[in-house]
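**Student:** Following this message is one structure expressed as structure tokens.
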Amino acid sequence: MPIATIPPRIKWAVDLMDVQPADQVLEIGCGPGAGAEAICSHLETGKLFAIDRSESGVDRTKRRNQKYVDAGRLVVRQIDLATLRVPVKRLNKVFAFNVNLFWVRACDDEIALLHERVVPGGAVYLFYDAVRPELVPNIVKKASENLLRGGFRVSVVEQKAPPVIGIIAKR
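To convert, take the position in the sequence shown, counting from 1, and add 108; that gives the numbering used here.
Spelled out as structure tokens, the structure:
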């Protein structure tokens, strides 16, 4: 699929992340592969390691992004974050869109893993569709608390159209 088919909310998120050609990126919950496509289009010597607990999400991401898999810029695996062993030693960026893990429960082990793998100055970017505005304060509060407890500095950004909330956790 051409890059033009990337949803505006994903394009906004990836632009905000300012992906650089040599970045080492982890995507949590790659789903249909639009985020992977947008990220990989910016990479040259860098790599994206995309994970999803769903076999169908992994398959869809691989199919949509076969050229990046073939080029060695994308590795896709069916695994959850709790059991992940990242093949790169250090990550510049971690990206997740609509992954509930970070706000529905304490996730100290997962955040500790991210803190260990993200380079100083790197960041974790959590994005959520804000189509139900009543949920946004709770999402921001819980995810921010989890990230702060894990040693990250947290800021929040918002986009009005389409409505997306971004939580940026810098190391």
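All C-beta atoms in this analysis are idealised placements derived from N, C-alpha and C, irrespective of residue type, glycine included.
1) Judging by CA-CA distance, which residue of Ser162, Gln128, Arg161, Val183 is the nearest neighbour of Ser149?
2) Please report the straight-line C-alpha distance between Asp217 and Arg161, rounded to a whole angstrom.
3) Out of Arg225, Leu234, Val272, state which residue places its alpha-carbon closest to the alpha-carbon of Gly204.
4) From Arg168 to Val133, what distance separates their C-alpha atoms?
5) Is Lys201 close to the ligand GTP? I mean its beta-carbon at under 6 Å from any heavy atom of the ligand.
6) By a C-beta neighbour count over all protein chains shown, 10 Å radius and 16 as the cutoff for buried, is Gly229 buried or exposed?
7) Exposed or buried, which one is Leu256 when buried takes at least 16 other CB atoms within 10 Å?
8) Does the Cβ of Ser304 have 16 or more other Cβ atoms within 10 Å, making it buried, or fewer, making it exposed?
9) Quick one: give me the first and last residue of the beta strand (DSSP E) that Asn200 is part of.
10) What is the residue span of the beta strand (DSSP E) that Glu266 lies within?
**Tutor:** Inspection of the coordinates gives the following:
1) Relative to the Cα of Ser149, the nearest Cα in the group Ser162, Gln128, Arg161, Val183 belongs to Gln128.
2) Distance between the alpha carbons of Asp217 and Arg161: 17 Å.
3) Going by the sequence as given, residue 204 is Ala instead of Gly. Of Arg225, Leu234, Val272, the residue nearest in Cα terms is Leu234.
4) For Arg168 and Val133, the distance between alpha carbons rounds to 19 Å.
5) Absence of the ligand GTP from the depicted structure is noted, as is the absence of any ligand whatsoever, leaving it without description.
6) Residue environment: Gly229 is assigned as exposed (fewer than 16 neighbouring CB atoms within 10 Å of its CB, all protein chains considered).
7) It is exposed - the Cβ of Leu256 has fewer than 16 other Cβ atoms within 10 Å.
8) The structure shown has nothing for residue 304, since the chain only spans 109 to 279.
9) Here the beta strand (DSSP E) through Asn200 covers 199-205.
10) Run containing Glu266: 261-267, per the beta strand (DSSP E) assignment.
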